[in-house]
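Residues in the sequence shown are numbered consecutively from 58, following our numbering.
Quick reminder that beta carbons are idealized off the backbone N, C-alpha and C, glycines included.
Structure record follows, encoded as structure tokens.
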Amino acid sequence: MARIAILLNDRCHPKECQWECQAYCPPVRMGQECIIEGPTGKPIISETLCIGCGICVHKCPFDAIKILNTPQADEAEIVHRYGYNGFRLYRLPTPPTQGVTGLLGPNGTGKSTALRILGGTEVPNLGEYSKPPSWEAVRDRFRGTALFAHFEKIRSGALRTAIKPQYVDKLAEEAQSLGEFVAAGGPGSEPALDDVGLAAEASRPVKELSGGQLQLAAIARTIATDADLYLFDEPSSYLDIIHRLQVARLLRRLGTTKSVFVVEHDLALLDYLADQAHLVYGEEAAFGVITHPLPMRSAINTYLTGYLRDENVRFRTEPVRFVAHPPKLAVQRNVLVRFPALVKEFPSFRLSVSAGELTRGETVGVVGPNATGKTTFVRMLAGAEPPTEGTPPAGVSVSYKPQYLKATNRQSLRERAEALRADPAFDGGLFDRELVPGLHLDSLLDVAMPDLSGGELQRAAVALALARPATLYLLDEPSAYLDADERMAMARLIRRQVERQAACALVVDHDVYFLDLASDSLMVFLPDGESSGVPTAGRGDGPFAMREGMNRLLKEVGVTFRRDAETLRPRINREGSVLDREQRAEGEYYYEAAS
């Protein structure tokens, strides 16, 4: 075993504590310099002298220290390191000459760092953070490996790369039109805009685009660039299921002649678009290890089971299990909420939702393309949007987590929870006992909420929503910004809490894996009228049994699903395959058989 000591610099505040880490450290008490003050005024922890007792971890008032016992890591495999007690990345994937390769792993384990290194925008320091080496030294380090030729091309300037960044919301600051923004990528801007469906929006200012349009604009600009290696960091964020599949087909087509790397947390999408994948395991903000490439099916199944047979490494305590969804028996249905037919009219859009029933202990997924009224529907039930026709059910207590989150003050999550404890409509015991550990919020309780990342804020908002005892929980896109592990953990927690509280929930989302784990049934929203490709009307129906609801949605999307024989996870059939043709002929777009 190897021991790694990590100091989270953004959480460490040495002027606001009594240096408990040093005061209680057994080696320090024995006269050894295991923890000393560094040049920045923050502690430096010696990994050689550390005995792994964990006392400093528990005594630190800011949860700023991690001491990890990891599988024996070869220090010669360190590719990049951020300081002595900083994050370190082991190994790199090797880009093939063509095809689509995925990178799959939790947030904070080095995937984006690996993309920047492969793209040549960051020089790997090989662990020498104080004296970063040159590209020549990096090339020599990898002499005799497949990466030698790659870094030789970077050093000589012969490798052309194009990177789609992770955070596209920053593009809204661009002071130019969409057409000008994409044209800056290269001469292929017009066909690229057409490929992503934004040709009609070319004259619009970038700052007026929605999140999904910004994502498509970033993808179009990357594709328009003439490059040898394309790197896409989370290309599905903000996109609905139809646009996700559109982008997947586009990247697959690009991979027939070019080398494409994709970091993606939507496992169904990654399975569909990539030929192979490297898994990344480790500890958030501490270290990441990149595995050798695996065929796509094996990669995802290994990720779900959590055991790397070739390396004899277990990185998940329990495997993730999917189950088939048999329809609930009529005698088991206990209707809790009935809502009437609802209509909402806007100047350029009309939403119609048919009447429906929600059952006690049931989680209902709300699916469909963007701009078809899903968020408007849940806002009407939450009382945040008055309907034009119909009346939302009265006497129903509602807890609502909106789609877009924004921290309005400098409160920490702990302070926010403490302020709510006086309200009888907040279960502080449930929050502390189930939701904080279930959503891994322990280390975030004392961080100011504006300082939380998008995924951390999302988990905090879901925890606060579920801690309010209610008849109906309304959760709008709770998986946004989360990695695959966080999505699966949240899906199981939502379903468990709804069942335990004998409540019901509506969950709007686009991730099929997340919905498959969380939902008992589905409401389906589809366009009911279009003008120039933009919906002018939407219609929502259901809830339906999972099979019927998915069939309605997938027929509109134009894809078929099956279940994997080993894990029962949903998998998209390749267009034109035998199973795809058979299921289309039978009208069964939803996965039934395991194969």
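Residue interval of the beta strand (DSSP E) (run including residue i)
i	result
G165	Careful: G165 lies outside any beta strand (DSSP E) and carries neither H nor E.
Y570	First-last for Y570: 569-575, but that is the alpha helix (DSSP H), not the beta strand (DSSP E).
H137	135-138
M506	From DSSP, M506 is part of no beta strand (DSSP E); its letter is neither H nor E.
R407	406-410
F488	No beta strand (DSSP E) contains F488, which DSSP labels as neither H nor E.
D251	It is not in any beta strand (DSSP E) - D251 instead sits in the alpha helix (DSSP H) that spans 246-252.
L149	Premise fails: L149 is in no beta strand (DSSP E) and is neither H nor E.
G176	From DSSP, G176 is part of no beta strand (DSSP E); its letter is neither H nor E.
L532	529-533
C561	561-565
T593	591-602
R553	Element bounds for R553: not the beta strand (DSSP E) but the alpha helix (DSSP H), 541-557.
Proximity of residue i and residue j at Cβ, strictly below 9 Å
i	j	result
R354	G363	no
L288	L175	yes
A524	L550	no
P376	L361	yes
F396	P459	no
V195	L235	no
N142	A62	yes
R417	A559	yes
V410	T445	no
K221	D297	no
A541	G495	no
L273	V304	yes
Q515	G312	no
R138	G95	no
S683	H567	Limits of the chain in this structure are 58 at one end and 652 at the other, which puts residue 683 out of reach.
R626	F403	no
I629	L302	yes
L574	A537	no
V337	K168	yes
S405	T617	no
L509	R473	no
N- and C-terminal bounds of the alpha helix (DSSP H) containing residue i
i	result
L326	324-330
G511	511-523
D480	Per DSSP, D480 belongs to no alpha helix (DSSP H) and is neither H nor E.
Y360	353-362
P84	83-86
K116	112-116
T279	268-281
K210	204-213
Residues of its chain near residue i, where Cβ-Cβ distance is below 7 Å and the 5 sequence neighbours each way are ignored
i	result
C82	C91, I92, I112, C113
R309	V157, L330
A387	Residue placement at A387 cannot be trusted, given a pLDDT of 49 that sits under 50; what the coordinates show is reported in the next sentence. No residues qualify anywhere along the chain.
G447	P397, A398, L399, V400
V239	S246, A249, L250, A274, A277, R278, A281
C78	I92, P100, C113, K116, C117, I122
I653	The shown model of the chain, from 58 to 652, leaves out residue 653, and the question about it has no answer.
Beta-carbon proximity list for residue i, same chain, < 6 Å, skipping 5 on both sides
i	result
G339	T166, G345, V346
T151	A203, L204
P350	Q333, H335
A505	R467, S469
Neighbour-count burial assignment, residue i, 16 or more Cβ in a 10 Å radius
i	result
F571	buried
S578	buried
G413	buried
N182	buried
T624	buried
S652	Confidence at S652 is low in this model, with a pLDDT of 45, below 50, so its placement is unreliable and no value can be given for it.
H300	buried
E587	exposed
M87	exposed
A527	buried
G633	exposed
S454	exposed
The ligand GTP heavy atom lying under 8 Å from the CB of residue i
i	result
I174	You won't find the ligand GTP in this model; it holds no ligand whatsoever.
8 Å CB neighbourhood of residue i in its chain, flanking five on each side removed
i	result
G98	P71, K72
V85	Q79, C91, I92
Touching by the beta-carbon criterion (3+ pairs, under 8 Å), the stretch 529-539 and the stretch 472-492: no
Segment contact flag, the stretch 148-165 with the stretch 317-328, C-beta cutoff 8 Å, min 3 pairs: Yes, the stretch 148-165 is in contact with the stretch 317-328.
The stretch 320-334 contacting the stretch 584-597, beta-carbon criterion three pairs below 8 Å: no
Three CB pairs or more closer than 8 Å across the stretch 214-223 and the stretch 270-288: The stretch 214-223 is in contact with the stretch 270-288.
Cβ pair count under 8 Å reaching 3, the stretch 404-424 against the stretch 461-473: no
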